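Numbering (numbering that gives the first Met the number 0), first residue to last: 0 to 327. Here a beta-carbon is modelled for each residue, glycine too, at the ideal position from N, C-alpha and C. Predicted model only: the values in this text are computed from it and were never measured. Here's the structure, in structure tokens; my notes come after.
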Amino acid sequence: MSPALTIRPYSEGALAQAAAKLRAGELVAFPTETVYGLGADATSDDAVAGIFAAKQRPSFNPLISHFPDRDAAARHAVFDDRADKLANVFWPGALTLVLPKRADSPISHLTTAGLPSIAVRVPAHDMARALLRAADRPIAAPSANRSGRISPTTAAHVAASLGDAIGMILDGGPCGVGLESTVVDLTTDRVILLRPGGITADQIAAVLGCDVILAQSDDDAPKSPGMLTSHYAPGLPVRLNATTPQKNEILLAFGQDCVTKGFDDVLWLSKTGDDREAAANLFALLHQADQTRFAAIAIAPIPDKGLGVAINDRLKRASAPRSATAES
Ligand code: TXA
Ligand code: MG
0 MSPALTIRPY SEGALAQAAA KLRAGELVAF PTETVYGLGA DATSDDAVAG IFAAKQRPSF
60 NPLISHFPDR DAAARHAVFD DRADKLANVF WPGALTLVLP KRADSPISHL TTAGLPSIAV
120 RVPAHDMARA LLRAADRPIA APSANRSGRI SPTTAAHVAA SLGDAIGMIL DGGPCGVGLE
180 STVVDLTTDR VILLRPGGIT ADQIAAVLGC DVILAQSDDD APKSPGMLTS HYAPGLPVRL
240 NATTPQKNEI LLAFGQDCVT KGFDDVLWLS KTGDDREAAA NLFALLHQAD QTRFAAIAIA
300 PIPDKGLGVA INDRLKRASA PRSATAES
């Protein structure tokens, strides 16, 4: 465990310290009624990159943005009647809604993994909501465990898994639910259960008066094409490991030794070859490159270490033949 780690039981002072850290772009683990979350400012590319670095996840999945109430969430997500009905009944609580992201939302593209949708949740935990209010910004928070480990329901679990990677844990005792929130996709006419949780498909169907379709529950399992919003894939073709220029390409460059000469335009993932900076820039730059008039996006080689593993995983999907990727 790192000597820099602070574990503080809930108090006004601890809350103020945690909120200040979140506002400064640092990571703070905090209790919710489901599991402990590893929180970061959802509007900061760099802060969200810090979540992936700490969790050592080999891939970028979209993260849930947490809010103190429905109206705060509605500043970033478009609520339809179904979303309002579910929010009325189940919020605050263990339900996450995947909704269209507002065009003017400052949420980081890394939080949403480049998708046009956003997952939003209002937790039913007094400390969590007080923290969200004090931080006064959307907080991205996956479960506060290293990738592949079980989800933490006490501050001690968080410390054991992530103690050397984060600066602060707000200790609120054991979580009541102990299981992650139910995730429901409302971005289409259908209602799709993306992740089962404490709130059941039957409960959701009863409120909405319609069928709820069950999707694959495993985050890492391939999802059926055409059924779920999937990975963000640019419209332009993507060429990986580009070391020599081809005609009419924009390059996403990485590292001091990167060959940029001869490319029609260059955007820097990281000039110094910093994997965390590249992760923070990845989705925003893919979107930016995709909006140009060039014929293709070339990507410089990125070493397969640290966050480079997740970056390369995402780029491989972005460059896959379009028939192999689900609808975007
Ligand atoms: O209980 C919970 O939900 C905990 C606590 C901390 O709130 N959080 C949590 O977050 O489990 P996370 O980031 O590990 O879960 C995110 C889930 C994943 O299944 C992810 O694929 C899905 O939500 N998700 C997030 N954004 C999405 C989007 N735009 N489209 C589809 N699925 C999305
Ligand atoms: Mg998890």
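Below 8 Å on the Cβ atoms is my contact criterion, and I expect Leu-14 with Ala-39 to pass it. Report the Cβ-Cβ distance as a whole number of Å.
With 8 Å as the limit, Leu-14 and Ala-39 do not qualify as a contact, their Cβ atoms being about 17 Å apart.
In three-state DSSP terms, what is Asp-170?
Correct three-state label for Asp-170: strand.
What did DSSP end up calling His-65 once you bin it into helix, strand or coil?
Here His-65 sits in strand by DSSP.
Looking at the structure shown, is Gly-36 part of a helix, part of a strand, or coil, going by DSSP?
Note: Gly-36 maps to strand in three-state DSSP.
Euclidean distance between Cα positions of Ser-58 and Ala-76
Those two C-alpha atoms are separated by around 24 Å.
Grouping DSSP H, G and I as helix and E and B as strand, with all else coil, what is Ala-294?
DSSP, read as helix, strand or coil, puts Ala-294 in coil.
I'd like to confirm something about Thr-153: is its beta-carbon nearer than 8 Å to some heavy atom of ligand 1, or not?
No, the Cβ of Thr-153 stays beyond 8 Å of every heavy atom of ligand 1.
For Arg-238, does the three-state DSSP call read helix, strand or coil?
Arg-238: strand per DSSP, three-state reduction.
Spatial neighbours of Thr-291 within its chain, please: C-beta separation below 6 Å, excluding the five flanking residues on both sides.
Here the set comprises Ile-249.
Using CA atoms only, rank isn't needed, just tell me which of Leu-109, Asp-103 and Tyr-9 is closest to Glu-276.
Glu-276 has its Cα closest to that of Leu-109, out of Leu-109, Asp-103 and Tyr-9.
Beta carbon of Val-119 nearer than 9 Å to that of His-156:
For Val-119 and His-156, no; Cβs fall outside 9 Å.
Can you tell me the Cα-Cα spacing of Ala-71 and Ala-46, whole angstroms?
Taking the straight line from one Cα to the other gives about 20 Å.
Taking the straight line between their C-alpha atoms, what separation do you get for Ser-107 and Asp-44?
Cα-Cα distance, rounded: 5 Å.
Can you tell me whether Glu-328 sits near ligand 1, meaning its C-beta is under 8 Å from at least one heavy atom of the ligand?
Absent from the model: residue 328. The displayed extent of the chain is 0 to 327, so no value can be given.
What did DSSP end up calling Ala-118 once you bin it into helix, strand or coil?
In the three-state scheme derived from DSSP, where H, G and I count as helix and E and B as strand, Ala-118 is classed as strand.
Could you spell out the range, first to last residue, of the beta strand (DSSP E) harbouring Phe-253?
Membership of Phe-253 in the beta strand (DSSP E) is indicated by the continuous run 248–253.
Find out if the Cβ-Cβ distance for the pair Ile-198, Thr-186 is shorter than 9 Å.
Note that the C-beta distance between Ile-198 and Thr-186 is not below 9 Å.
What is the C-beta distance between Met-126 and Pro-30, in whole angstroms, given that I count them as a contact (C-beta under 8 Å)?
Rounded, the Cβ-Cβ distance is 6 Å, consistent with contact.
Check: Gly-24 C-beta below 8 Å from any heavy atom of ligand 1
Incorrect: Gly-24 has no Cβ contact closer than 8 Å to ligand 1.
Coil, strand or helix - Ser-142 by DSSP:
In this structure, Ser-142 counts as strand in the three-state DSSP scheme.
Excluding five sequence neighbours on each side, which residues of the same chain lie with their C-beta closer than 8 Å to the C-beta of Asp-293?
According to the sequence as given, residue 293 is Phe; it is not Asp. So the qualifying residues of the chain are Leu-235, Asn-247, Glu-248, Ile-249, Asp-263 and Asp-264.
Can you give the Cα-Cα distance for Ala-350 and Leu-266, rounded to whole angstroms?
The structure shown does not extend to residue 350, since the chain is modelled only from 0 through 327, so no value can be given for it.
Buried or exposed: where does Arg-189 fall if 16 or more other Cβ atoms within 10 Å of its Cβ makes it buried?
Counting other Cβ atoms within 10 Å of its Cβ, Arg-189 stays below 16 and is therefore classed as exposed.
Taking the alpha helix (DSSP H) that Val-47 falls in, what are its first and last residues?
First-last of the alpha helix (DSSP H) with Val-47: 44–54.
The segment 140–151 / the segment 160–170 touching (three or more Cβ pairs under 8 Å)
A contact is defined here as three or more CB-CB pairs under 8 Å, and the segment 140–151 meets this definition with respect to the segment 160–170.
Consult DSSP for Lys-270 and reduce its assignment to one of helix, strand or coil.
The DSSP-derived three-state label of Lys-270 is coil.
Report the partner residues of Ile-6 according to the DSSP bridge assignment.
Answer by DSSP bridge pairing, in chain order: Ile-168.
Check whether the Cβ atoms of Leu-192 and Val-206 sit closer than 9 Å, and answer yes or no.
Not in contact: Leu-192 and Val-206 (Cβ atoms no closer than 9 Å).
Ligand 1 and Thr-111: does any heavy atom of the ligand fall closer than 8 Å to the residue's C-beta?
Shortest gap from the CB of Thr-111 to any heavy atom of ligand 1: under 8 Å.
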